[in-house]
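Peer 1: Taken in sequence, the protein lines are chains A and B. Per our numbering, the first sequence runs over residues 1 to 311. Per our numbering, the second sequence runs over residues 1001 to 1360. Before anything else, here's the structure in question.
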Amino acid sequence: MTGLFSEIFLSALLFGAVTAAVPLLLAGLGEQMSEKAGVLNIGIEGMMIAGAYVGFLVAFMSESLWLGFLGGAVAGMAVSSIMVLLCVRLGLNQIVIGIGLTLGLEGLTALLHHFQFSRTYPRLPAADVLAIPGLADIPVLGPALFQHNLLVYLSVALVFVMGFIYRRTQLGLNLQAAGDKPSALDIAGVDVVTTRTVAVLTTGALAGLGGAYLANVGAGIFVPFITNGAGFLGIVLAMLARGRPLWVLFGALLFGISLSLTTALQVAGINIPTDVIQMIPFLAVMVMLVIFGRKSSLPAALGLPYERGSR
Amino acid sequence: MSAEASTIAVDPEEPAGVGRVILHRILLTVGPILIALVIAGLILVAVGVDPLAYYGYVIERGLLSPTGVQQTLTRMAPMLFLAAGLIVAFRAGIWNLGVDGQFLLGAVTAAAAAPLLANAMPVWAAVVGAFVLATVVAMIWSLVPALLKAYHGVNEIITTLMMTFLGVSFANVLVKLVFLDPETTVPQTRTLPVEDRLPRLFDTTISSGLLLGLVAVIGVHLIMTRTAFGLKLRVVGANPRAAVHAGLDVPWLTIAVFAISAGLAGAGGAVDILGVQGNVRADWNPAYGLTVIPMVFLARLNGFASIAFVLLLSVLSIGGESAARRLGVPNHFTLVLIAIVLIVLAIVEYVDTRYLSRRR
């Protein structure tokens, strides 16, 4: 009990929060891009778990963490290409396909895990950390925030890259138009389907990367159903953030802290069911919505396939 | 918002040649399932399991053997309630993706209430009371997303998804801290004795929950397609702005849709507890909703078609569980099978509307 507010405890808590937040951040940023372009990507959970499994497998075989990340991103992208083909190109129901992909990949990765690893449960060695010179020496905050794997810093940088893309580039405008008024984009001579394809493939890559981070760095092991709703949380984050990448970061940190708190309190031997703490971020967001609740401005064409010439 | 609604409110009625249409639909359902079985079979071959033996067990245990078919029919009950709740919501253009949370809270309420009520009143009244309480609790649980949607236009996908995460945790808190059975070491609610549960049908082990579920789905289907109230809801779903101009009280109707949808989901939880499980164990979450949601879409929000799809789902999950056990495949394969069936059904449906039906 005395150690509860010690420096080490606080710093471990924050470190865990960042580690837990990164997969949510990547999933949320990815989902945000799909939603901006008008695709409600419910299959993101499936893309994450595919990324987690392949990412782990590649990292385990090649003994290279970064090849693992690459493998995870490619796997997520491969899954999202199914979504592209069926939902963006052919215009099938995004909910049916999205849930189908999620269920199928959860099952498939669990199945493959059973045949490959269920007797051995191999673990990866701890991921290398990159201590940022100077900042890493700050008490409490230094070890918590500035001694992470390089991917963590890159993910945070990605928040600003995304913000730049949405505000300052043609691609950003195209994405926005593909979600709000696809016919206008078409008339302007930009292919809606291609724009949405880019968005969904990016989502897949980011979700897969998030999954790979979750397995390789967060847990150091792949277990079936390891994503445990992280993809759905990504959807919630993307919708709450309404197109602003920085808000995804804040949201991811909020949920990351609560996830980290559940483990930290257990380690500290405090006997509260983890469920109580897991409720906190959702309660906080719901209360915020009740107090500040106003019209959420989601893209007008969200969830609708685009077919040229249709009304 | 109006745009997303119009994808949901597809009108399922098809005119002309009823017999031919039904035959066409049956072919369009059986064909994809066979294709899906072949694809899934390849996966089985890849992991070294004989697919024919696997499917043999699935059909035998899920459909043919007396105990199997009784389990299958019993398993349908909670899923039918979920389907009914989803049909109301989706037809009214409300994306209630929070049925799993509503289901679980209904289940915990029923599990907590039934043994308590049984002390104070006759058993049948206690079961009815628990059922009603579960429905009401799930309705109340949906009130926050309903009010936010009705009066602030807050998107219900976010709120209902969050309420599901919240509901699953809250249900666990209730089981672990409040309604804990002091006589067991595993955290779970007090067990309702088998003889106090919902009566079984005739001499079988099929829970009468099945009948309740069928009544719920068919009732919802008739209300949505044959009554003025259902028409109002469909108008709200098809075009909320037009509904306002038509003088409909859209906020009130929205709240009503949430209440009916969540209430049915909660009733589904109650039926599963009062008919089959008897108690809620900590961390129990069957997440039926996740599989029923796409099935309801594939059924084009039609009640009768939903019953057929729920039967399919039930056969696959009961048969799959048993086949997996006998052949040493992990039960996760059932998920893969269901997913492939879903995706192939969706693709064939597309091919049909695009190419086949156009030619006729």
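From the three backbone atoms N, C-alpha and C, an ideal C-beta is built for every residue, glycine too. Keep in mind it's a predicted model, so treat the numbers as computed, not measured.
In whole angstroms, what is the alpha-carbon distance linking G218(A) and A1036(B)?
Peer 2: Counting from 1 along the first sequence, the entry for residue 218(A) is found at position 218. Counting from 1 along the second sequence, the entry for residue 1036(B) is found at position 36. Each residue's Cα considered, the two are about 35 Å apart.
Peer 1: Would E1013(B) pass as an interface residue toward chain A - the criterion being a Cβ-Cβ separation below 8 Å?
Peer 2: Here the question's residue 1013(B) lines up with position 13 in the second sequence. Confidence at E1013(B) is low in this model, with a pLDDT of 49, below 50, so its placement is unreliable and no value can be given for it.
Peer 1: Below 7 Å on C-beta distance, what does M1375(B) contact in chain A?
Peer 2: The displayed coordinates of chain B run from 1001 to 1360. Any statement about residue 1375(B) would go beyond what the structure contains.
Peer 1: Mind pulling the alpha helix (DSSP H) runs of 4 or more residues that sit fully within the segment 1113–1200 of chain B?
Peer 2: Counting only runs of 4 or more, we get 1123–1141, 1143–1152 and 1156–1173.
Peer 1: Report the option in E307(A), V236(A), R244(A) and A301(A) whose CA atom is closest to the CA atom of L289(A).
Peer 2: Reading the first sequence from its first residue, position 289 is the one you call residue 289(A). When only C-alpha atoms are compared, the closest one is V236(A).
Peer 1: Can you give me, in chain order, the residues of the segment 1273–1303 of chain B that have a beta carbon less than 8 Å from any beta carbon in chain A?
Peer 2: Result list: L1290, T1291, I1293, P1294, F1297 and L1298.
Peer 1: Span of the alpha helix (DSSP H) holding V1045(B)?
Peer 2: Taking the first residue of the second sequence as 1, we reach residue 1045(B) at position 45. Taken as a continuous stretch (DSSP letters only), the alpha helix (DSSP H) holding V1045(B) covers V1018 to A1046.
Peer 1: Let me know the secondary structure DSSP gives A970(B) once reduced to three states.
Peer 2: Here chain B has residues from 1001 to 1360 only, and residue 970(B) is not among them.
Peer 1: Could you tell me if Y1091(B) is buried or exposed, where buried requires 16 or more neighbouring beta carbons within 10 angstroms of its beta carbon?
Peer 2: For this step, residue 1091(B) is matched to residue 91 along the second sequence. Checking the sequence shown, residue 1091(B) turns out to be Arg, not Tyr. Label assigned to R1091(B): buried.
Peer 1: Would F222(A) pass as an interface residue toward chain B - the criterion being a Cβ-Cβ separation below 8 Å?
Peer 2: For the purposes of this step, residue 222(A) is taken as residue 222 along the first sequence, with counting starting at 1. No, no contact with chain B.
Peer 1: Using three-state DSSP, classify L1342(B) as helix, strand or coil.
Peer 2: Counting from 1 along the second sequence, the entry for residue 1342(B) is found at position 342. In this structure, L1342(B) counts as helix in the three-state DSSP scheme.
Peer 1: So which residues on chain B does I325(A) lean against when the C-beta distance must stay under 9 Å?
Peer 2: Beyond the ends of chain A as shown, which are 1 and 311, falls residue 325(A); an answer cannot be given.
Peer 1: V22(A) and Y213(A) - do their beta-carbons sit closer together than 8 Å?
Peer 2: Position 213 of the first sequence holds residue 213(A). Position 22 of the first sequence holds residue 22(A). Cβ distance < 8 Å, so Y213(A) and V22(A) count as in contact.
Peer 1: Quick one: what does DSSP say R244(A) is sitting in, helix, strand or coil?
Peer 2: Along the first sequence, one-based indexing puts residue 244(A) at 244. In this structure, R244(A) counts as coil in the three-state DSSP scheme.
Peer 1: Just to confirm, is the Cβ distance from I1307(B) to A1111(B) under 8 Å?
Peer 2: Along the second sequence, one-based indexing puts residue 1307(B) at 307. Along the second sequence, one-based indexing puts residue 1111(B) at 111. No, they are not a contact pair.
Peer 1: Using a 10 Å radius around the Cβ and a threshold of 16 neighbouring Cβ atoms, would you call W1095(B) buried or exposed?
Peer 2: As a first step, residue 1095(B) is located in the second sequence; it is residue number 95 there, counting from the start. So W1095(B) counts as buried.
Peer 1: What are the start and end residues of the alpha helix (DSSP H) that includes I1059(B)?
Peer 2: Locating residue 1059(B) in the second sequence gives position 59, counting from the first residue. That run of the alpha helix (DSSP H) goes P1051 to I1059.
Peer 1: Assign D1011(B) to one of two classes, buried (16 or more other C-beta atoms within 10 Å of its C-beta) or exposed (fewer than that).
Peer 2: Within the second sequence, numbered from 1, the residue matching residue 1011(B) stands at position 11. Note that D1011(B) scores a pLDDT of 47, beneath 50, so its modelled location is shaky and nothing firm can be said.
Peer 1: Roughly how many whole angstroms lie between the Cα atoms of S314(A) and R1325(B)?
Peer 2: Because chain A here runs from 1 to 311, residue 314(A) falls outside it and cannot be looked at.
Peer 1: Please identify, using Cβ separations under 9 Å, the residues of the segment 112–146 of chain A that lie next to chain B, in order along the chain.
Peer 2: Per Cβ criterion, the list reads L112, H113, H114, F115 and S118.
Peer 1: So is Y1055(B) in contact with chain A if we call contact Cβ pairs under 8 Å?
Peer 2: For the purposes of this step, residue 1055(B) is identified with residue 55 of the second sequence, where counting begins at 1. Taking Cβ atoms only, chain A never reaches closer than 8 Å to Y1055(B), which makes this a no.
Peer 1: Quick check on L130(A): does DSSP put it in helix, strand or coil?
Peer 2: Translated into positions along the first sequence, residue 130(A) becomes position 130. L130(A): strand per DSSP, three-state reduction.
Peer 1: Give the range of the alpha helix (DSSP H) segment to which A17(A) is assigned.
Peer 2: In the first sequence, residue 17(A) corresponds to position 17, counting from 1. Taken as a continuous stretch (DSSP letters only), the alpha helix (DSSP H) holding A17(A) covers E7 to K36.
Peer 1: Is S118(A) helix, strand or coil by DSSP?
Peer 2: One-based indexing of the first sequence puts residue 118(A) at position 118. Correct three-state label for S118(A): coil.
Peer 1: In this structure, does DSSP put S1208(B) in helix, strand or coil?
Peer 2: As a first step, residue 1208(B) is located in the second sequence; it is residue number 208 there, counting from the start. DSSP places S1208(B) in coil when its eight states are reduced to three.
Peer 1: By DSSP, does R1281(B) sit in helix, in strand, or in coil?
Peer 2: Within the second sequence, the letter at position 281 stands for residue 1281(B). DSSP places R1281(B) in strand when its eight states are reduced to three.
Peer 1: Checking 8 Å against the spacing of the C-beta atoms, do I1318(B) and R1075(B) come in under that value?
Peer 2: Start at 1 with the first residue of the second sequence, and residue 1318(B) comes out as number 318. Start at 1 with the first residue of the second sequence, and residue 1075(B) comes out as number 75. A contact, by the Cβ cut-off of 8 Å.
Peer 1: Return no unless some Cβ of chain A is closer than 8 Å to the Cβ of V1173(B).
Peer 2: Mapped onto the second sequence, residue 1173(B) falls at position 173. By this cut-off, V1173(B) is an interface position.
Peer 1: Measuring straight from C-alpha to C-alpha, what distance separates A230(A) and G51(A)?
Peer 2: Counting from one through the first sequence, the residue named residue 230(A) turns up at place 230. Counting from one through the first sequence, the residue named residue 51(A) turns up at place 51. If I take the Cα positions, the gap works out to 13 Å.
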